[in-house]
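S.K.: Below you will find the structure I want to go over with you.
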Amino acid sequence: MKVLIVVGARPNFIKVTPILKEFKKYNSVKSILVHTGQHYDFEMSQIFFKDLEIPKPNYNLGVGVGSHARQTAKIMEKLEPVILREKPDLVIVVGDVNSTLAGALTAAKLNIPVVHVEAGLRSYDKTMPEEINRLLTDHISKSLFCPTETAVKNLKKEGIKKGLYRVGDIMYDTLLNSKLKAQSSKLLRRLRLKPKQYLLLTIHRASNTDNLENLRKIITTIGESGEKVVFPIHPRTKKQLKKLKLKIKNWKLRIIAPLGYLDMLVLENNAKKILTDSGGVQKEAYWLKVPCLTLRKETEWIETVKDGWNILVGQNKVKILKAIKNFQPKGPQHRHFGNGRTAKMITNILLKNYGK
Ligand code: UD1
Ligand code: UDP
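The opening residue of the sequence shown carries number 2 in my numbering; numbering runs sequentially from there.
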């Protein structure tokens, strides 16, 4: 079975790690890794290959920055000859970034079966670029690996009934496989942080960065909370924050460069609370049992909210301040996201469906 895997952005690298490791166990599986180059800074790309021991990609398409149409089109244009040359039996795409949709479209048009890992997620907000990517990718995929029961239900509601598999969340595999290795991180010492004495903040969604008013509201509210806050900043957010020219001198807000996966895991695990608009970080907060405040009005990961470990605060000053002070998870956690053996399940299904 020859598999071509398309990755491009930070969360993609984290999601394919356990799948690539599982594939390595089988002589009959040959994998070709294609990096689109959507993310390209060392801290957004190579560091994950180092931390997670991901093999060097067979191809790097080097597409870089661009508008949605330009970036998606550039990936498609450069990926098509690679697929034609490699002739894979299937193409795997993960998550919901532009590289996901571009990879899926290119393969589907060449009649190569598309396999979507993390299928069926929905925010039901079509102004969100990721929602468009998910919807379209799911509707042209042949095998759809869903992390949760909600994801399966979402797809069935849209009339997708074949090729659905509930396999658990692939990011949970990565987290469990990395916990031990992360213990060697010296980040807390380097930043002179004491466990459970700081908040962790991440922001990068278009709705919280392109909309400068939202960004201003979030940052000033968090700054004025008086709490010690550590903020590994996404390059997109860094650019936008500069435009705001905020006076953050008197705040205990510590802005640092984006972190590698292992350092990030340690920073999450030791945070008093996490404030984020990231999908992956919401789930990691839940698995690490750290209270999470989501800086959005809705979430795809509703199980974390239903279990009482995640609260949607949007950009609302009162809600954010109240939750920083008082939000304490109450409920027990349920096994919504599987048991950390998602990569194994995916591999077994693929071998059964496409193996030769
Ligand atoms: C992308 C995904 C988003 C995902 C996020 C993960 C899309 C539409 N969005 O958002 O779903 O949650 O990745 O982090 O695919 N930049 C750099 N260096 C880099 C990468 C980006 O400076 O290595 C800057 C560039 O100015 C670029 C901007 O960040 O224009 C946005 O990058 P892009 O990949 O388009 O989207 P993200 O915001 O990273
Ligand atoms: N992450 C990281 N370093 C950071 C910020 C995030 O390693 O500085 C990890 C985080 O732990 C999670 C993943 O990146 O595993 C989430 O990616 P991101 O927030 O960029 O995208 P999303 O999940 O929202 O698509």
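All C-beta atoms, glycine included, are put in the ideal place defined by N, C-alpha and C.
Quantities reported herein were computed from a predicted structural model and do not represent experimental measurements.
Could you pull the DSSP bridge partners for Phe338 from this structure?
M.R.: The count along the sequence shown starts at 1 and reaches residue 338 at position 337. In DSSP, Phe338 forms no bridge with anything.
S.K.: Is Tyr262 close to the ligand UDP? I mean its beta-carbon at under 7 Å from any heavy atom of the ligand.
M.R.: On the sequence shown, residue 262 is found 261 positions in, with the first residue counted as 1. Within the cutoff, so yes.
S.K.: Nearest by alpha-carbon distance to Ile15: which of Lys197, Leu260, Lys127, Val115 is it?
M.R.: Here residue 15 is taken as the residue at index 14 of the sequence shown, counted from 1. When each option's Cα is compared against that of Ile15, the closest is Leu260.
S.K.: Alpha carbon to alpha carbon, what distance is there between Lys75 and Val68?
M.R.: Stepping through the sequence shown from its first residue, residue 68 is reached at position 67. Stepping through the sequence shown from its first residue, residue 75 is reached at position 74. It is worth fixing the name first, because residue 68 is Ser in this sequence and not Val. For Ser68 and Lys75, the distance between alpha carbons rounds to 10 Å.
S.K.: Given a cut-off of 8 Å, decide if Ala286 and Ile275 are closer than it, judged by their beta-carbon atoms.
M.R.: By 1-based counting over the sequence shown, the position of residue 275 is 274. By 1-based counting over the sequence shown, the position of residue 286 is 285. Result yes, Cβ atoms of Ile275 and Ala286 sit closer than 8 Å.
S.K.: Do Glu285 and the ligand UDP come close, with the Cβ less than 7 Å from some heavy atom?
M.R.: Counting from one through the sequence shown, the residue named residue 285 turns up at place 284. Checking the Cβ of Glu285 against the ligand UDP gives yes.
S.K.: For Gln316, which residues of its own chain have a beta-carbon under 6 Å away from its beta-carbon, when the five flanking residues on both sides are left out?
M.R.: For the purposes of this step, residue 316 is identified with residue 315 of the sequence shown, where counting begins at 1. Answer for Gln316: Asn215, Lys218, Ile219, listed in chain order.
S.K.: My output table needs one value for Lys154: the three-state DSSP class, helix, strand or coil.
M.R.: By one-based count along the sequence shown, residue 154 stands at place 153. Looking at Lys154 - three-state DSSP - the assignment turns out to be helix.
S.K.: Out of Glu269, Val17, Pro12, point me to the one whose CA is closest to Leu5's CA.
M.R.: Counting from one through the sequence shown, the residue named residue 5 turns up at place 4. Here the closest residue by C-alpha is Val17.
S.K.: Leaving out five residues before and five after Leu111 in sequence, what residues of the same chain have Cβ atoms less than 6 Å from its Cβ?
M.R.: In the sequence shown, residue 111 corresponds to position 110, counting from 1. Excluding residues within five positions, the ones whose Cβ falls inside 6 Å are Ile84.
S.K.: Can you look up Glu31 in the DSSP assignment and give me helix, strand or coil?
M.R.: The residue you call residue 31 lines up with position 30 of the sequence shown. Residue identity differs from the one stated: residue 31 is Lys in this sequence, not Glu. Lys31: strand per DSSP, three-state reduction.
S.K.: Could you check what DSSP says for Ser186 in three-state terms: helix, strand or coil?
M.R.: Locating residue 186 in the sequence shown gives position 185, counting from the first residue. Reduced to three states, the DSSP call for Ser186 is coil.
S.K.: If you drop the 5 nearest sequence neighbours on each side, which residues of the same chain put their C-beta closer than 7 Å to that of Ile48?
M.R.: Residue numbering aside, residue 48 sits at position 47 when the sequence shown is read from its first letter. Result list for Ile48: Gly261, in chain order.
S.K.: Express the C-alpha separation of Lys3 and His117 in angstroms, rounding to a whole number.
M.R.: Indexing the sequence shown from 1 puts residue 117 at position 116. Indexing the sequence shown from 1 puts residue 3 at position 2. So the two alpha carbons sit approximately 16 Å from each other.
S.K.: Closer than 7 Å to a non-hydrogen atom of the ligand UDP - does that hold for the CB of Val94?
M.R.: Position 93 of the sequence shown, counting from 1, holds the residue named residue 94. No; taking the cut-off as 7 Å, the Cβ of Val94 has no heavy atom of the ligand UDP nearer than that.
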